[in-house]
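Asks:
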Amino acid sequence: MTTVGALATSNAVRYTVIVLCLIGFVGVAVAFGVDTESAQPEPVPFDEATTTGLASEAQYDLAERGQVVPRAQIFYSQYQFVVGYHGVEHAIDSLQQEGHQQQFGYPITVYVSDFSESDISLSEEGYLETDDEQPWIDAEKATFVVESEAQTPTGQTAVPFSDEAEAEAFVSSYGGELVDWESLQQHTFDVDDATAVRERVGDLHDMADATVVDLRPLADRPVSVIVGDENTSAVEAASLSLAEDIGYADTIQEGLDRAPNETTVFVADGTYEEKPTIDSSVTLAGPGATVEGDGNDSVIEIEADEVAVTGLSITGVGENTDPAEDEEGADGTAHDESGHSADGEGDDADEDGDWDERVEEGYGHGDAGITAADVTEIYVADVAIETPTNGVLLRDVGKSAVERVDIEGHENWAEGFMGVVAMRSPTVIQDSTIAHGRDSIYVHRSHETVIRNNTLTDNRFGIHTMHTSDSLIADNSVSGQESGGITIMTDPAGNAVVGNEVRDAAAGILPAGSRSYIAENVIAGNDRGMSTGASNSLYERNVIYGNDVGISASSIRPSNRVVENDIVNNDVPARPSTGPLLIWTHEGVGNYWDGATVHPGQERYSPSDPVEGKLLSTPGAVTLSASPAAMTLDAVRDTTPGMREGNIIDTAPLSEPVNPEMIAELEEDYDR
Amino acid sequence: MSNKIQAVAAREVVSVVRARSTLALLLGVLLVTFGVVFVSNAEPDYLPTAVDLLLPMEFLVPALAVALGYRTIISDSTRGELDVLATYPVSVSRYILGVFVGRALALTVLLTIPLAIVGVYLATTSPTTPTFLATHQGVDSPLIFVRFIGLTVFFGLVVLAMTIAVSALASTQRSALVLGLVVLALVIIGLDLLILRGVAGGTVGDEWLTAVLSVSPTSAYRGLVFETVLSTAVETDLQQASPVTSAAGLLSWLLGSLAVATVSVSRR
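Below is the structure:
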């Protein structure tokens, strides 16, 4: 008799089976009886959390001044990463966002900074100043002070205390009222989001217009000195007026030295082998003149306020890009950017200098066609520069505009440097043409810079910004970049990238930081079209056409709104990243995916799905995608999204493109 | 459990184990379960895996129960074994209970093995995450998965009892198969379709929906999974189902079916 047969006869076997059944039954009963809520997780070191709320530049600045913001960290039921918030108000704002719960689950535990043991004072701006470290406290056990004078760089905040008496003491010094965690969650904080950046695009254009209107008169000053010729007809041809008193000079430097303030030094046609320095408020003009340096240093140095340079051609620029070339070599490659990561912390603060000293040295001190440093009201227009290094270098310039310049950089970008550099110099760069060299435009810590209507070709980055917030990059035509068309690095906030056309680059638009507005761009024929590297951001109405990968998701925390984009003819429409499922639909509006039109009326489309992404390109994919198995998988995918690995879903794909004219144009260009 | 029930149950287990088709059933369940787990790209966590398996289980479990149960009584009847049994001192109710227990054991093993393997896989696999970032479990626990397995087996037992009832009602092997398929269709979509019609037509009022859902075994099972498994991670203001009436609904189908089977065999 087999062992199976033994069941029928052996009591031992029977009893074993009965006991096993009982154990199983009890086990299941216990599983239902026991609360599944795991023990409360311990707070994690803040720098290991996935953080949001404050640009890294602001974090460095606060740290340098001994100022802090009340932080929060949240453990969500459906999200495996611990989310850290610079500013309790950002945590509250996130919790109040529509759809937040669907994506992250509910908060299991919230910790906030406890200020009870800290010796606090408020700075002039209302920032909390203390030398003490704040321990973490369970938010449920904290008392919060709201509506007080306490501020963070992004607005009003709530200050948490474990000790209610300490909270009351804070109120008596700085005002406000006490609330508990429950009511704090009903409190509304005025936290900017990306839609506010959309509203600001017009303001930034107006601001740039105003800057240019302010500075253009510098190019209209009466001519007081003519260099190289005594004929005034060229001056009249350039429609400049003449001063009452006109002098003549043989060299540009001599003319500059002789010209009174607020007049123009006019350079007659010809080539001038010199490296002039402008140290008074004059304008240097010369539509037919060439200034030729000797291959060392910058050609024109500006050392005074209210200076304009117009209409010159500049050559013979020096080849040095580094003030300390003995230490690190002159090509600048020893310097490393802080990388391109969504939540990257950027460069480490330097022990004895400013935290960005290394980048400043690397990028801010090379030779240039025109260098301006520590001055304000600088206007550069209609200048042509041929340079192995920088074209125009602005360092610590208060107010400036660069327009209609034509810069030709080094043929081999690795040997060249930047077309226009703005270092801590908010500026307007427009209507210019910059080719070759390393980066056409490099902007560093220059908030509210406006870069528009430029044509930038064949280099490493077309536009490259670091630690630059609240800026506008609009209507530029960018193509042929080895690394990226428009690349925003570090962790800035509030940038707008609007209406640009980026083609045939390794990457089209790579935003970073947070609260950014990426809209109405045309991104075509790149290896990678666009990333969603900036968090809490709005990506809308872009046309993403014919790239190897259309959109690559690269924000670990799902916080972006990606809607009304046309994603057409890309080999891979979208590629997910580490982190949970992303839903690219908002209030019932999704994107136009050409692949989603294969099954008309399709209710959800997953561009990152290995089958759905290939509907238009792989024979048989349509048949497979219509199988009940595929549909079953689809149906369960957007439940518990926070616990699903890298996937992108559009729950309401559009049936018609948003910008059909542009797509038709691109179809012609790319011959599809 | 009386020795007589045990004897009948043991006989059922032996016949299940000896049938080659049992191995095919096990392979089928393994294939579907693992297939869903590996294709769904959920994090290797208990909760999303349970969510992924829910829908396939609504098809697979009734199919398995019908396959295991539709021939039980009718084959005893057609082979004349019922007549033989009638000469033994075994009451009809004990005979039916014995048949059910024996088949239920088989069903439990067939469902538990693949699901337990998935559970062990989940317990030993950790999600791939960047090491420089702090992570935590979220709301997830093996208990969630044990609950899911328990509910799935319970659902299977209910459909098994229904199948045994139609097997007792059938007069030939063929009619047993047809009736088994009717049970399958009713359980998988039929009852839910009726409820959908009822809600759309207004015959089922909103306040009655959770109660009516308890009448459909599949909806009752799904509701229990939502309320005891999924609800641990998703806070909802709305109740997805009434756990008590759902459990009562399933239990009623189970006991009612066994009663029908008993009455039917007694009348033969």
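These protein sequence lines are chains A and B, in that order. Counting from 5, one number per residue, gives the positions in the first sequence under my numbering. Counting from 27, one number per residue, gives the positions in the second sequence under my numbering. In this text, a Cβ means the ideal position worked out from N, Cα and C, and glycines have one as well. For clarity, every value in this text was computed on a predicted model and none was experimentally measured.
1) Can you tell which of Ala214/A, Gly159/A, Ser81/A has its C-alpha closest to the C-alpha of Leu256/B?
2) Straight-line CA distance for Ile22/A to Glu38/B?
3) Taking 9 Å as the threshold (beta carbon to beta carbon), is Arg129/B in contact with chain A?
4) Buried or exposed: Glu129/A, going by 16 or more other Cβ atoms within 10 Å of its Cβ?
5) Just checking His162/B against the ligand SAM - is the residue's beta carbon closer than 8 Å to any of the ligand's heavy atoms?
6) Report the rounded CA-to-CA distance for Glu93/A versus Arg225/A, giving the unit in angstroms.
7) Inspect the beta-carbon positions of Val303/A and Gly373/A and report whether they are closer than 9 Å.
8) Quick check on Phe119/A: buried or exposed, where buried means 16 or more other Cβ atoms within 10 Å of its Cβ?
9) With 16 other CB atoms within 10 Å as the buried threshold, where does Glu407/A fall?
10) For my contact list, Pro47/A and Pro164/A are in at a C-beta cut-off of 8 Å; report their separation, rounded to the angstrom.
11) Whose Cβ in chain A lies nearer than 8 Å to the Cβ of Val110/B?
12) Terminal residues of the continuous alpha helix (DSSP H) containing Glu128/A?
13) Can you pull the chain A residues whose beta carbon is under 8 Å from the beta carbon of Glu253/B, in chain order?
14) Which runs of the alpha helix (DSSP H) spanning at least 4 residues fall entirely within the segment 221–284 of chain B, listed in chain order?
15) In the DSSP output, which residue or residues are listed as bridge partners for Glu407/A?
16) If we call anything under 9 Å between Cβ atoms a contact, is Val32/A one with Ile139/B?
17) I'd like to know whether the C-beta of Gly176/B is nearer than 9 Å to at least one C-beta of chain A.
18) So Thr161/B contacts chain A; which residues on that side make the cut at Cβ distance below 8 Å?
19) Excluding the 5 residues preceding and the 5 following Ser201/B in the sequence, name in chain order all residues of the same chain whose CB lies nearer than 7 Å to its CB.
20) What does a CB cutoff of less than 8 Å around Ser581/A pick up in its chain, not counting 5 residues either side in sequence?
21) If you pair each beta-carbon of the segment 280–295 of chain A with each one of the segment 357–367 of chain A, do three or more pairs fall below 8 Å?
22) Whose C-alpha, out of Val204/B, Ser103/B, Ile214/B, is nearest the C-alpha of Ala246/B?
23) Can you give the Cα-Cα distance for Leu280/B and Pro243/B, rounded to whole angstroms?
24) Determine the closest residue to Leu73/B out of Thr236/B, Gly224/B, Arg294/B, Thr254/B, with distance taken between C-alpha atoms.
25) Going along chain A, which residues have a C-beta under 7 Å from Arg350/B?
26) Going along the chain, which residues of the segment 107–118 of chain A sit with their C-beta nearer than 8 Å to a C-beta in chain B?
27) Listing by chain order, which chain B residues have their CB less than 7 Å from the CB of Pro45/A?
28) Which ranges does the alpha helix (DSSP H) cover as unbroken runs of at least 4 residues, wholly within the segment 65–152 of chain B, from first to last along the chain?
29) Give the secondary structure of Trp185/A by DSSP, where H, G and I count as helix, E and B as strand, and everything else as coil.
30) Mind checking the segment 50–61 of chain A against chain B and listing, in chain order, the residues whose C-beta falls within less than 8 Å of any C-beta there?
31) Check the Cβ of Arg18/A against every Cβ in chain B and list those closer than 8 Å, keeping chain order.
32) What residue does the beta strand (DSSP E) around Ala293/A start on, and which one ends it?
33) Could you tell me whether the Cβ atoms of Ser193/B and Arg97/B are closer together than 9 Å?
34) Check whether the Cβ of Val179/B lies closer than 9 Å to any Cβ atom in chain A.
35) Please go through the same chain and pick out, in chain order, the residues whose beta-carbon is closer than 8 Å to the beta-carbon of Ala353/A, but skip the five residues on each side of it.
36) Quick one: what's Gln155/A bridged to in DSSP?
Replies: Let me spell this out:
1) Ser81/A
2) 15 Å
3) no
4) exposed
5) With respect to the ligand SAM, the structure offers nothing, as it holds no ligand at all.
6) 51 Å
7) yes
8) buried
9) buried
10) Not confirmed; about 13 Å, so no contact.
11) Ordered by position in chain A, no residue passes the 8 Å Cβ test against Val110/B, which lies about 16 Å from the chain.
12) Note, Glu128/A: premise wrong, no alpha helix (DSSP H); not H, not E.
13) Chain A residues near Glu253/B: none, gap ~11 Å exceeds 8 Å.
14) 235–239, 243–254
15) Ala385/A, Gln434/A
16) no
17) yes
18) Gln84, Phe85, Val86
19) none
20) Ser556, Ala557, Ser558, Ser559, Ile560, Gly650
21) no
22) Ile214/B
23) 10 Å
24) Thr254/B
25) There is no way to answer for residue 350/B, as the model of chain B reaches only from 27 to 294.
26) Gly109, Tyr110, Ile112
27) His162
28) 72–95, 98–104, 107–112, 118–150
29) helix
30) Glu52, Ala53, Thr54
31) Gln32, Ala36
32) 293–296
33) yes
34) yes
35) With a pLDDT of 39 at Ala353/A, under the threshold of 50, the modelled position of this residue cannot be trusted; read the value that follows with caution. Excluding residues within five positions, the ones whose Cβ falls inside 8 Å are Tyr64, Ala67, Glu68, Trp359.
36) Tyr131/A, Gln160/A
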